[in-house]
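S.K.: Here's a structure for you.
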Amino acid sequence: MAEEPKSDGQVATLGDSKSRQAAKELYPMSNWKYDAFLHTFSVLVDLFFREVHPRGAWRVPRSGPILFIAAPHANQFVDALVLQRTLKNEAKRRVGFLVAKKSIHGFVGYASRQTGSVPVGRPQDIAKPAKGTIYLPDPHHDPTLIRGIDTDFENEAEVGGMFFLPSVKGQTGTAIEIAQILGPNEVRIKRPVKGKVPMFQLTGRDDVDKDGNLTSEVNGPREGYEGIKYKAAPKVDQTQVYEAVFDRLKSGGCIGIFPEGGSHDRTELLPLKAGVAIMALGTLAEDPNCGLKIVPVGMNYFHPHKFRSRAVIEFGAPFEIPSDLVEKYKGNQRRDAIGQTLDMCYQALSAVTVSSPDYDTLMCIQAARRLYVTGRKVPLPRVVELNRKLATGFSKFKDDPRIIDVMQRVRDYDRQLRYLNIRDHQVAYATMNWPKVVLTLLYRVAKLIVLSAGVVPGTVLFAPIFIATKIISRKKAKEALAGSTVKIQGRDVIATWKILVAMALAPVLYNFYSILLAFKVYQDHLWGYVPAWVPFWLVFLAGWVVFPAITFAGFRFGEVAMDILKSLRPLILCINPTSSYSVHKLRERRAELSEHVVKTINELGPEMYEDFEHTRLITDPFRDGFFSSTGEAGIGGDGEKAGAGEEEEPQSPVSPSTSLSREERMARRSTNRSSQAIPRTESFSNIGAVGMFATRPPSRAGGPSRSRSSSSGGGGGGFGGPMGGFPVSGFTSLNSKEGFNEASSKIREAMAERGQLRRRRSGAAMSTSTTTTDTTDGATNGGESSEDGWEEAKKAA
Numbered sequence: 001m002a003e004e005p006k007s008d009g010q011v012a013t014l015g016d017s018k019s020r021q022a023a024k025e026l027y028p029m030s031n032w033k034y035d036a037f038l039h040t041f042s043v044l045v046d047l048f049f050r051e052v053h054p055r056g057a058w059r060v061p062r063s064g065p066i067l068f069i070a071a072p073h074a075n076q077f078v079d080a081l082v083l084q085r086t087l088k089n090e091a092k093r094r095v096g097f098l099v100a101k102k103s104i105h106g107f108v109g110y111a112s113r114q115t116g117s118v119p120v121g122r123p124q125d126i127a128k129p130a131k132g133t134i135y136l137p138d139p140h141h142d143p144t145l146i147r148g149i150d151t152d153f154e155n156e157a158e159v160g161g162m163f164f165l166p167s168v169k170g171q172t173g174t175a176i177e178i179a180q181i182l183g184p185n186e187v188r189i190k191r192p193v194k195g196k197v198p199m200f201q202l203t204g205r206d207d208v209d210k211d212g213n214l215t216s217e218v219n220g221p222r223e224g225y226e227g228i229k230y231k232a233a234p235k236v237d238q239t240q241v242y243e244a245v246f247d248r249l250k251s252g253g254c255i256g257i258f259p260e261g262g263s264h265d266r267t268e269l270l271p272l273k274a275g276v277a278i279m280a281l282g283t284l285a286e287d288p289n290c291g292l293k294i295v296p297v298g299m300n301y302f303h304p305h306k307f308r309s310r311a312v313i314e315f316g317a318p319f320e321i322p323s324d325l326v327e328k329y330k331g332n333q334r335r336d337a338i339g340q341t342l343d344m345c346y347q348a349l350s351a352v353t354v355s356s357p358d359y360d361t362l363m364c365i366q367a368a369r370r371l372y373v374t375g376r377k378v379p380l381p382r383v384v385e386l387n388r389k390l391a392t393g394f395s396k397f398k399d400d401p402r403i404i405d406v407m408q409r410v411r412d413y414d415r416q417l418r419y420l421n422i423r424d425h426q427v428a429y430a431t432m433n434w435p436k437v438v439l440t441l442l443y444r445v446a447k448l449i450v451l452s453a454g455v456v457p458g459t460v461l462f463a464p465i466f467i468a469t470k471i472i473s474r475k476k477a478k479e480a481l482a483g484s485t486v487k488i489q490g491r492d493v494i495a496t497w498k499i500l501v502a503m504a505l506a507p508v509l510y511n512f513y514s515i516l517l518a519f520k521v522y523q524d525h526l527w528g529y530v531p532a533w534v535p536f537w538l539v540f541l542a543g544w545v546v547f548p549a550i551t552f553a554g555f556r557f558g559e560v561a562m563d564i565l566k567s568l569r570p571l572i573l574c575i576n577p578t579s580s581y582s583v584h585k586l587r588e589r590r591a592e593l594s595e596h597v598v599k600t601i602n603e604l605g606p607e608m609y610e611d612f613e614h615t616r617l618i619t620d621p622f623r624d625g626f627f628s629s630t631g632e633a634g635i636g637g638d639g640e641k642a643g644a645g646e647e648e649e650p651q652s653p654v655s656p657s658t659s660l661s662r663e664e665r666m667a668r669r670s671t672n673r674s675s676q677a678i679p680r681t682e683s684f685s686n687i688g689a690v691g692m693f694a695t696r697p698p699s700r701a702g703g704p705s706r707s708r709s710s711s712s713g714g715g716g717g718g719f720g721g722p723m724g725g726f727p728v729s730g731f732t733s734l735n736s737k738e739g740f741n742e743a744s745s746k747i748r749e750a751m752a753e754r755g756q757l758r759r760r761r762s763g764a765a766m767s768t769s770t771t772t773t774d775t776t777d778g779a780t781n782g783g784e785s786s787e788d789g790w791e792e793a794k795k796a797a
């Protein structure tokens, strides 16, 4: 039976009974319910986040099946809502997410059913503490044998089920798949245990290297070791889940998945689960011509658990699964096909996310980025890209003495900032003279007093909800941490519970306030201020308008007031004679450290990428004395917020700014006008980021085209070169009149060459239309990633 065309997200009903059964049991998507849900709850995203910036959404295909892979999964249920909202607004696509079966109850379950989610049963969700303890009796000669003490494997375990070892702070708990049950006290696991922590847990021995190998020839566990507690989970049959996903994709719909398997609060990507590869390969195995594309999505948050934080949702270049991998999957090489597909997905996600080995390193990377962009207002998406490039460079050169020295200096500088209790961007206040500091302080105090008039009423009204959200979210974080093998502090559930609690309590609280107001009007007309002809029920309705408005105004005024309040301390330090010396010394130290960071990046960048100078995002301020706050490529545009999610990057006191000439400003203004046809989330001021104008040849020896996309996806990594190993060729930085002239000259030469080639092939009559078509194709194909690009990405990683 042939499939009929379906709307976005609708599950196709196939002829076989199994597929029909899957379609009945899972949740088909209702377009109007989906749109109504997003329209209603988008206000929660706007209230919780100060800014959610989509980037690269133009890359998302407007039709055909898409598998969205999003990471890191740092905000439990909020991630899906943010991504669904972004895709609907920017790409006009509806997407149904895979959701844990344990979460399909209550409000979250209701919401997931309205948006076409696919419920998934996970072993870790149904794992329960089992009797006794387990250990490895013969790790050298029989590493797949697990023995138990006081266990009952025959009743508490099953083939295909899982054992879960306890998590350790900073280390993920290990999952072990059961291959054979040998008795009540012995099982055979599918593959040997890997890693230092699980090997220590199962042997109790200290002679374990970082790869999980025992360094001593002595066999068996530590003498007297009685094993470790564990959890057991039965085998979970995912057949219906995969069938529902296959049907949805083959019908042209979209599926979203967080391939790490669950939310977490780590600073690096977790290993991807095999399910995402099986979904892609299985769909193509059933329908090779469906046109399935995989789109990586980077969920880049700044303080994801905090109220009024910021986020950048970055879409990478879509890619397809090579047909040879699909053939391997159909044959007897499924493991190899799944492994290669997972590698492709991981490299694609690495190009749109920021990963670091630990939180301390991430903080150092962000501090180094602030020092590197001194003197520029960098827009939020560019902040994410610079963080990613520095993280990539750190992972490559982490053992280099220059990087070690920079990291140590940055840590020392951060410690001094914490000692003075000021922020990095506030160090610039030390450049102001004493009278200016006093006037600035007085002005900001006055402004804070004025804003308080709008902040206090809303804060008082909403205080019960603030208190409740904080208490409940912390409690839920502790519960999530206790039941997880991957979380560090459980921060990934805090934002979700803050939103859920506020959403549940706010209507109750406003209703209570409105009833009190109406009762007071009924009793004495609000101390005589309300005319007698006003009915109390009208006052009740007015309360539902007034009280939320007061709260919303309090949020907005409070946001500005908090920024002002944070800026008062460094101003007071600059006035205080006992502290001003320390602040001025800190400014001088910052200037020296900034120059050292830039110097180190300029030394290591070319070692990592040959075209570093052409693809760098930030002009070297110490080479030409160039500082700019203009909207050139790689430098923040007008009016865009900057900083590490909570502050703007100030103008630097290190070097004076240089102004552009009128001709240059006009050229720049014209460029911005001409780019208005490009989606508002992108800036193509640097024409060198477009593939057709790249200085490198389009391919290697006639091979497949290589990615030349900019930071918008697929490009840019390391300090100044391509992300994640994808090569990006630079053209020129359009920061001067000469740069624009050079660009124009090369464009004319390229177009003339293309015109001559077309005339030779098809005659002068067809040259104009063919050139136009080729120009479009060149710009489009410049963002594609080939299999060759994936191999180079893996080498760079």
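No gaps in the numbering here: position 320 of the sequence shown is 320 in UniProt numbering, and each next residue is one more. Using N, Cα and C, we set each Cβ at its ideal position, and we do this for glycine too. Bear in mind the structure is a predicted one, so any value in this text is a computation, not a measurement.
Suppose contacts are defined by Cβ-Cβ distances below 8 angstroms. Is residue 79 in contact with residue 299 by that definition?
M.R.: For the purposes of this step, residue 79 is identified with residue 79 of the sequence shown, where counting begins at 1. For the purposes of this step, residue 299 is identified with residue 299 of the sequence shown, where counting begins at 1. Yes, these two residues count as a Cβ contact at 8 angstroms.
S.K.: Return the chain-ordered list of same chain residues with a C-beta closer than 8 angstroms to the C-beta of residue 464, the five sequence neighbours on each side being excluded.
M.R.: Taking the sequence shown and counting its residues from 1, the one referred to as residue 464 is at position 464. Counting only Cβ-Cβ distances below 8 angstroms, and skipping sequence neighbours, we find 505, 509.
S.K.: Would you call residue 498 buried or exposed, if buried means 16 or more other Cβ atoms sit within 10 Å of its Cβ?
M.R.: By one-based count along the sequence shown, residue 498 stands at place 498. Per the 10 Å Cβ criterion, buried.
S.K.: Rounded to whole angstroms, what is the Cα-Cα separation between residue 466 and residue 459?
M.R.: Taking the first residue of the sequence shown as position 1, residue 466 is located at position 466. Taking the first residue of the sequence shown as position 1, residue 459 is located at position 459. Residue 466 and residue 459: Cα-Cα distance of roughly 9 angstroms.
S.K.: Relative to the C-alpha of residue 341, which candidate in 271, 399, 524 has its C-alpha closest?
M.R.: Against the sequence shown, residue 341 aligns to sequence position 341. When only C-alpha atoms are compared, the closest one is 271.
S.K.: Would you report the Cα separation of residue 356 and residue 368, rounded to the nearest angstrom?
M.R.: The sequence position of residue 356 within the sequence shown is 356, counting from 1. The sequence position of residue 368 within the sequence shown is 368, counting from 1. Between residue 356 and residue 368, the C-alpha separation is close to 14 angstroms.
S.K.: What residues are listed by DSSP as bridge partners for residue 49?
M.R.: To locate residue 49, count along the sequence shown from 1; it is residue 49. 309, per the DSSP bridge assignment.
S.K.: Along the alpha helix (DSSP H) that carries residue 329, what are the first and last residues, could you check?
M.R.: Translated into the one-based positions of the sequence shown, residue 329 becomes position 329. It spans 323-330 - the alpha helix (DSSP H) in which residue 329 sits, taken as one unbroken run.
S.K.: Tell me, please, which residues DSSP counts as bridged to residue 93.
M.R.: Taking the sequence shown and counting its residues from 1, the one referred to as residue 93 is at position 93. Answer is none; residue 93 lacks a bridge partner.
S.K.: Is it the case that the Cβ atoms of residue 88 and residue 231 are separated by a distance below 8 angstroms?
M.R.: One-based indexing of the sequence shown puts residue 88 at position 88. One-based indexing of the sequence shown puts residue 231 at position 231. No, these two residues do not count as a Cβ contact at 8 angstroms.
S.K.: Pull up the CB-CB distance for residue 226 and residue 133, whole angstroms please, since I reckon it's below 8 angstroms.
M.R.: Taking the first residue of the sequence shown as position 1, residue 226 is located at position 226. Taking the first residue of the sequence shown as position 1, residue 133 is located at position 133. Sure, about 6 angstroms apart at Cβ, within 8 angstroms.
S.K.: Please report the straight-line C-alpha distance between residue 595 and residue 370, rounded to a whole angstrom.
M.R.: Your numbering for residue 595 matches position 595 in the sequence shown. Your numbering for residue 370 matches position 370 in the sequence shown. About 12 angstroms.
S.K.: Just grab the DSSP bridge partners of residue 300 for me.
M.R.: Within the sequence shown, numbered from 1, the residue matching residue 300 stands at position 300. DSSP, once it has assigned bridges, lists 312 as partnering residue 300.
S.K.: Which residue from 539, 544, 488 puts its Cα closest to that of residue 511?
M.R.: Translated into the one-based positions of the sequence shown, residue 511 becomes position 511. The candidate whose alpha carbon is nearest that of residue 511 is 544.
S.K.: Bridge partners of residue 149, per DSSP?
M.R.: As a working note, residue 149 is residue 149 in the sequence shown. Bridge partners of residue 149: 133.
S.K.: Would the beta-carbon of residue 518 fall within 8 angstroms of that of residue 540?
M.R.: On the sequence shown, residue 518 is found 518 positions in, with the first residue counted as 1. On the sequence shown, residue 540 is found 540 positions in, with the first residue counted as 1. Yes, the Cβ-Cβ distance between residue 518 and residue 540 is below 8 angstroms.
S.K.: What are the partner residues of residue 189, as DSSP defines its beta bridges?
M.R.: Residue 189 sits at position 189 when you count from the first residue of the sequence shown. In DSSP, residue 189 forms a bridge with 178.
S.K.: Do you know whose CA, among 28, 57, 612, lies nearest residue 98's CA?
M.R.: Stepping through the sequence shown from its first residue, residue 98 is reached at position 98. It is 28.
S.K.: Quick check: the stretch 560-573 against the stretch 438-448, are there 3 or more CB pairs under 8 angstroms?
M.R.: yes
S.K.: So residue 575 and residue 441 are in contact, right, with Cβ under 8 angstroms, and what is the actual spacing, rounded?
M.R.: Here residue 575 refers to the residue found at position 575 when the sequence shown is read from its first residue. Here residue 441 refers to the residue found at position 441 when the sequence shown is read from its first residue. Yes, they are in contact, since the Cβ atoms of residue 575 and residue 441 sit about 7 angstroms apart, within 8 angstroms.
S.K.: Helix, strand or coil for residue 70 per DSSP?
M.R.: By one-based count along the sequence shown, residue 70 stands at place 70. Residue 70 falls in the strand class under three-state DSSP.
S.K.: With 16 other CB atoms within 10 Å as the buried threshold, where does residue 314 fall?
M.R.: Mapped onto the sequence shown, residue 314 falls at position 314. With 16 or more other Cβ atoms within 10 Å, it is buried.
S.K.: Under the three-state reduction of DSSP, which class applies to residue 159: helix, strand or coil?
M.R.: Within the sequence shown, residue 159 is the residue found at index 159, counting from 1. Of the three classes helix, strand and coil, the one that applies to residue 159 here is coil, per DSSP.
S.K.: May I have the straight-line CA-CA distance separating residue 477 from residue 305, to the nearest angstrom?
M.R.: In the sequence shown, residue 477 corresponds to position 477, counting from 1. In the sequence shown, residue 305 corresponds to position 305, counting from 1. Taking the straight line joining both Cα atoms gives about 11 angstroms.
S.K.: Considering only C-alpha positions, which residue in the set 317, 433, 579, 413 is nearest to residue 66?
M.R.: Sequence index remark: in the sequence shown, residue 66 carries index 66 (1-based). Among 317, 433, 579, 413, the Cα nearest to that of residue 66 is on 317.
S.K.: Figure out for me which residue from 56, 168, 113, 93 has the closest Cα to the Cα of residue 488.
M.R.: The residue labelled residue 488 in the question sits at position 488 within the sequence shown. Out of 56, 168, 113, 93, 168 has the C-alpha closest to the C-alpha of residue 488.
S.K.: Determine the burial state of residue 209: buried for a count of at least 16 other Cβ atoms within 10 Å of its Cβ, exposed for fewer.
M.R.: For the purposes of this step, residue 209 is taken as residue 209 along the sequence shown, with counting starting at 1. Residue 209 should be labelled exposed.
S.K.: Per DSSP, which one or two residues make a beta bridge with residue 232?
M.R.: Numbered from its first residue, the sequence shown carries residue 232 at position 232. Partner(s): 128, 163.
S.K.: Given this structure, state the Cα-to-Cα distance separating residue 62 from residue 164, to the nearest angstrom.
M.R.: The count along the sequence shown starts at 1 and reaches residue 62 at position 62. The count along the sequence shown starts at 1 and reaches residue 164 at position 164. Cα-Cα distance, rounded: 42 angstroms.
S.K.: Taking residue 587 as the reference, give the member of 420, 238, 309 with the closest Cα.
M.R.: By one-based count along the sequence shown, residue 587 stands at place 587. The shortest C-alpha to C-alpha distance from residue 587 to any of 420, 238, 309 is the one to 420.
S.K.: On a CA-only basis, which of 253, 500, 190 is nearest residue 64? Give me that one, please.
M.R.: The residue given as residue 64 occupies position 64 in the sequence shown. Ranking the options by Cα distance to residue 64, first place goes to 253.
S.K.: Do you know offhand how far residue 39's Cα is from residue 31's?
M.R.: Position 39 of the sequence shown, counted from the first residue, corresponds to residue 39. Position 31 of the sequence shown, counted from the first residue, corresponds to residue 31. For residue 39 and residue 31, the distance between alpha carbons rounds to 12 angstroms.
S.K.: Using the Cβ count rule (16 or more neighbours within 10 Å means buried), how would you classify residue 312?
M.R.: Position 312 of the sequence shown, counted from the first residue, corresponds to residue 312. Label assigned to residue 312: buried.
S.K.: If you count every other CB in all the chains shown that lies within 10 Å of the CB of residue 117, and 16 or more means buried, which is it?
M.R.: Counted from its first residue, the sequence shown places residue 117 at position 117. Residue 117 comes out buried.
S.K.: Quick check on residue 577: does DSSP put it in helix, strand or coil?
M.R.: If you number the sequence shown from 1, residue 577 lands on position 577. In the displayed model, residue 577 falls within a helix according to three-state DSSP.
S.K.: For residue 470, write down the residues that DSSP places opposite it in a beta bridge.
M.R.: Within the sequence shown, the letter at position 470 stands for residue 470. For residue 470, which the question treats as bridged, DSSP gives no partner whatsoever.
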